[in-house]
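All residue numbers for the sequence shown refer to our numbering, where the first residue is 1 and numbers rise by one.
For each residue, glycine too, the CB sits at the ideal point set by N, CA and C.
A quick note: this is a predicted structure, and the numbers were derived from the prediction, not measured.
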Amino acid sequence: FKDLKIYYFHNCIYDQLYTTPECRYDKSVETNWVLRNLKSEYKVIFVGDAAMSPTELLSVGGNYYYGVYNEEPGIEWIRKFKNKYKDVIWLNPIKEDRWIHTYGYDTIKLISREVDMYELTVSRMEQALKKLIASK
Numbered sequence: 001f002k003d004l005k006i007y008y009f010h011n012c013i014y015d016q017l018y019t020t021p022e023c024r025y026d027k028s029v030e031t032n033w034v035l036r037n038l039k040s041e042y043k044v045i046f047v048g049d050a051a052m053s054p055t056e057l058l059s060v061g062g063n064y065y066y067g068v069y070n071e072e073p074g075i076e077w078i079r080k081f082k083n084k085y086k087d088v089i090w091l092n093p094i095k096e097d098r099w100i101h102t103y104g105y106d107t108i109k110l111i112s113r114e115v116d117m118y119e120l121t122v123s124r125m126e127q128a129l130k131k132l133i134a135s136k
């Protein structure tokens, strides 16, 4: 990758992305700013377990993180990234054979319908990166 930008989120993408792993509001940028300023040639890799309450993914105000209110549901933000960037994947640290047995399976399933999801292992990351690189 020529240029790497890293942003953090808690459970799902909402109106703000964070610039540090602590996910503090005073160290955040508007997600719309990221979408406006990063060209569509960027490749997007989300990393997270994708397991959350369906409300967090599907509802306005569903973000339970430290009283931060989201104006748009997380699923809509995922779709915005998918619509702008041709290459979007999600790396999930939960073993793939456990996804169906995990609290939050409904949201894992919903997100994996929106973007290709891969277990966060060396072999699955190799597959995911091949997909990103092959798609020029």
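Cβ pair L58, L110 closer than 9 angstroms
Between L58 and L110, the CB-CB gap stays under 9 angstroms.
> Span of the beta strand (DSSP E) holding L91?
Replying inline: First-last of the beta strand (DSSP E) with L91: 87-92.
(request) Please confirm whether any heavy atom of the ligand FMN lies closer than 8 angstroms to the CB of T20. (result) Among the components modelled here there is no ligand, and therefore nothing to report on the ligand FMN.
key: Complete runs of the alpha helix (DSSP H) confined to the segment 70-121 [at least 4 residues]   = Listed in chain order, the complete alpha helix (DSSP H) runs (minimum 4 residues) inside the segment 70-121 are 74-84, 105-114.
key: Beta-bridge partners of S28, as assigned by DSSP   = According to DSSP, S28 bridges with Y18.
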